[in-house]
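Have a look at the structure below, then the notes.
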Amino acid sequence: MRKAELSLGYIPLVDSAPLLVAQEMGFAAQEGLDLNLEKAPSWSSLRDMVAFGRVHAAHMLAPVPVALALGLGGALPPLHAAMTTSVNGNVIGVSISLAEKMRSNGATLDFRDATSIGHAMMKSKAERLRIGVPFPFSMHAELLYYWLSALGYAAPQGLEIRTVPPPLMANAVASGEIDAFCVGEPWGSIAVERGYGELILPTSAIWNFAPEKILAMRKDWISERPELAQRLTRAVWRAGRWLADPESHTTATELLSRKDVLNVSREVIDRTLSGQLIVNQRGEERHVPNFIEFHKGTATFPWKSQAAWIGYRMATRLGFEPSGAMSAARDVFRTDLYRRALAETTAALPGASEKVEGAIDQAEPAASAKGTLILERDRFFDGAIFDPYKEDRS
Amino acid sequence: MPPEASPLSIVLVEPDKNRALQIIDSLKAAGNYDIRVIAESTGLARAVASFNPDVVLVDLANPSRDIIEELSVASTPLERPVAMFVDQSDDAMTKAAIEAGVSAYVVDGLRADRVKPILDAAITRFHMFSRVRKELETTKRALEERKVIDRAKGLLMKARGIDEDAAYSLLRKTAMDQNKRVVDVASALVTAAGLLG
């Protein structure tokens, strides 16, 4: 059988691994697919590449298709998420001088406590704190706003969130253009390596199980080629399962470090995959459980409640009506496609497509049509609970 | 005078001075525009916002393009002044712009017929750039391949005591036997020699 050729766009990041692995480790071939991977220079270009059919699908920031559904970022054809490709995986870092100030103000930089570290960061900066994020519609931006406003530092008075392309992040800190940053790996570790920044928190300390990237496809394409969309989803899901196995890490690291992919040393990539991060130039190491997840629990399930959370956060921040925004956001995460694609696999599919977010303290079993489904700890740092139905009624 | 008659203001984001000058020339030939160039990515969003242009032109391959995206949420949602120029009614032009590698952001509600000549001019110019860029890349790759083949030839000449032509024939024959490109065989040889010391 001739393989169907699909082109996929990605931004070089550790969490683009599921797409690369799908092709390189034969999961695509298993579905009769041949993937042609195309590197994009920026998130806006990647979004446009999918929207205009230059590529069939792409790995993308979870909030991008939600923003598009809210009319943000241009009048483009709608994009939908077939699955979540990774959970967590971002770091927050500050300039060397801000880290030193935080320490001299008595902060304990344990890489865990988002409350005390957040207060220490805000109190150690005299003027408005400037934080760099890769894109205005990103989990980086949403989690930062969530974190700092829950601590009582509402934008825009105390804080300025700026867009800085990840490859320029380390230099932006070095030149004093920003005081802090939130970015996906390997860029945080690169700022540490170059001696410009120090890591203070993983974003998983703000929300323990936050969707990060999704597999984006054009809505029309999903309806026109449902079978291809499902085959691709299966291939990427299997790639995620392979990546979650610690025995795959050496091969995965090798693959990602290649010159034509990330062009970063294997050792730096290994920090992300093992959750063993080096946070400053003194070589202090911190272990982060669930630092990045490609498969664990329901990591790849595109929960409609998570889309609703993103829609709700964006709406309240930008002055949209929240309940309309949440319902537009829900439509973007295609649990129907995910369920159809994985029906014949060993994947344990949850009984519901929405859940209350932030309510699980310890990993616990949940209702599933088959197999054992485990819901992982998903708390917000401030103990808040997001109930999409309650928000809808209020 | 109705506001429609005043010349449109354009901000061009382009770090390369030569390219910027050429684009300005093309735009000037297309009509009367007020054009400003921003070369720095530092403070880009604020710089663009302070000029308050009707149109922003930026190379699609420029990672700084994401910074401009920020402007779509910078103002109040009621009067968001900058929207991306992707009017679904004009798919052909948008496609042409993307193929050429130019992205344009225009003020919401600006009439398409006023933007068209600007984009047409930019698209033509960008097409030329991408052709030159491709040619450069091809030349560079050819040069690099040449270097690897030369090194492999040198290694063979030394190890086997043969002349240059014989070394090249040997490389070519091996490549043909293995169904590989000469440069791939040469590069494997150079790597192996490096490992063996």
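Those protein sequences? They're chains H and E, same order as listed.
Using my numbering, you'd call the opening residue of the first sequence number 1 and step up by one each time.
Using my numbering, you'd call the opening residue of the second sequence number 1001 and step up by one each time.
By construction, the Cβ of each residue, glycine as well, lies at the ideal position given by its N, Cα and C atoms.
The Cβ-Cβ distance between Leu-144/H and Ile-92/H falls below 9 angstroms. For Pro-1063/E, a Cβ of chain H is located within less than 9 angstroms of the residue's own Cβ. Rounded to whole angstroms, Ser-104/H and Glu-247/H show a C-alpha spacing of 42 angstroms.
Per DSSP, the continuous beta strand (DSSP E) segment holding Glu-285/H begins and ends at 285-287. Taking 9 angstroms as the Cβ-Cβ cut-off, the stretch 115-137 of chain H approaches chain E at Pro-134, Phe-135, Pro-136, Phe-137, given in chain order. Residue pairing by DSSP places Pro-350/H opposite Ser-368/H in a beta bridge. Only residues of its own chain outside the window of five on either side were considered, and among them Arg-234, Trp-237, Leu-349 have a CB closer than 7 angstroms to the CB of Leu-342/H, listed in chain order. The DSSP-derived three-state label of Trp-207/H is strand. Contact check for Ser-1050/E and Asp-1034/E: beta-carbon distance about 14 angstroms, past the 8 angstroms limit, so the pair fails to qualify. Positions of the alpha helix (DSSP H) runs, each at least 4 residues long and wholly inside the stretch 1117-1189 of chain E, are given as 1164-1177 in order along the chain. Pro-202/H is bridged by DSSP to Val-91/H.
For Asp-1184/E, no Cβ of chain H is located within less than 9 angstroms of the residue's own Cβ.
Given a length threshold of 4 residues, each whole run of the alpha helix (DSSP H) inside the stretch 17-50 of chain H is given here in chain order: 17-24, 27-30. At a beta-carbon threshold of 7 angstroms, none of the residues of chain H lie near Glu-1040/E; the nearest stands roughly 11 angstroms away. For Ala-1045/E, the chain H residues whose Cβ falls inside 9 angstroms of its Cβ are Arg-162, Thr-163, in order along the chain. Sequence-distant Cβ neighbours of Val-1182/E in its own chain, meaning closer than 7 angstroms and more than five residues away, are Ile-1149, Leu-1171, Arg-1172, Ala-1175. Of the residues assessed, Asn-208/H falls on the buried side of the cut-off, its CB having 16 or more other CB atoms within 10 angstroms. Lys-259/H counts as exposed, since fewer than 16 other C-beta atoms from the protein chains shown sit within 10 angstroms of its C-beta. Taken atom to atom, the span from the alpha-carbon of Gly-195/H to that of Glu-1070/E is near 28 angstroms. If the five residues before and after Trp-187/H are omitted, its C-beta is found closer than 6 angstroms to the C-beta atoms of Pro-166, Met-169, all from its own chain and listed in chain order. In this structure Val-66/H is buried. Its beta-carbon is surrounded by 16 or more other beta-carbon atoms within 10 angstroms.
Here the stretch 53-71 of chain H makes contact with the stretch 130-145 of chain H; the two share three or more CB pairs at distances below 8 angstroms. Taking each of Gln-1178/E, Leu-1044/E, Glu-1135/E, Leu-1189/E in turn and checking the Cα distance to Leu-1155/E, the smallest one comes out for Leu-1189/E. Inter-residue distance for Glu-100/H and Glu-198/H is about 10 angstroms (C-alpha atoms, whole angstroms). Per DSSP, Phe-181/H is not a residue of any alpha helix (DSSP H); the beta strand (DSSP E) it occupies stretches across 180-184. The beta carbons of Pro-211/H and Ile-310/H sit closer together than 9 angstroms. The beta-carbon of Pro-322/H is placed no less than 9 angstroms from the nearest beta-carbon of chain E. The Cβ atoms of Thr-85/H and Phe-294/H sit closer than 9 angstroms to each other. As the crow flies, the alpha-carbon of Leu-148/H is around 23 angstroms from that of Pro-289/H. For the alpha helix (DSSP H) assignment, the uninterrupted runs of no fewer than 4 residues enclosed by the stretch 201-265 of chain H are, from N- to C-terminal side, 219-224, 226-244, 249-257. For Thr-84/H, DSSP records a beta bridge to Ile-214/H.
By the neighbour-count criterion, in which 16 or more other beta carbons inside 10 Å mark a residue as buried, Leu-79/H falls on the buried side. The C-alpha of Pro-41/H lies about 14 angstroms from the C-alpha of Ile-1068/E. For Tyr-10/H, the enclosing beta strand (DSSP E) begins and ends at 4-10. By the neighbour-count criterion, in which 16 or more other beta carbons inside 10 Å mark a residue as buried, Ser-1169/E falls on the exposed side. By the CB criterion at 9 angstroms, Val-1037/E and Ala-1020/E fall inside the cutoff.
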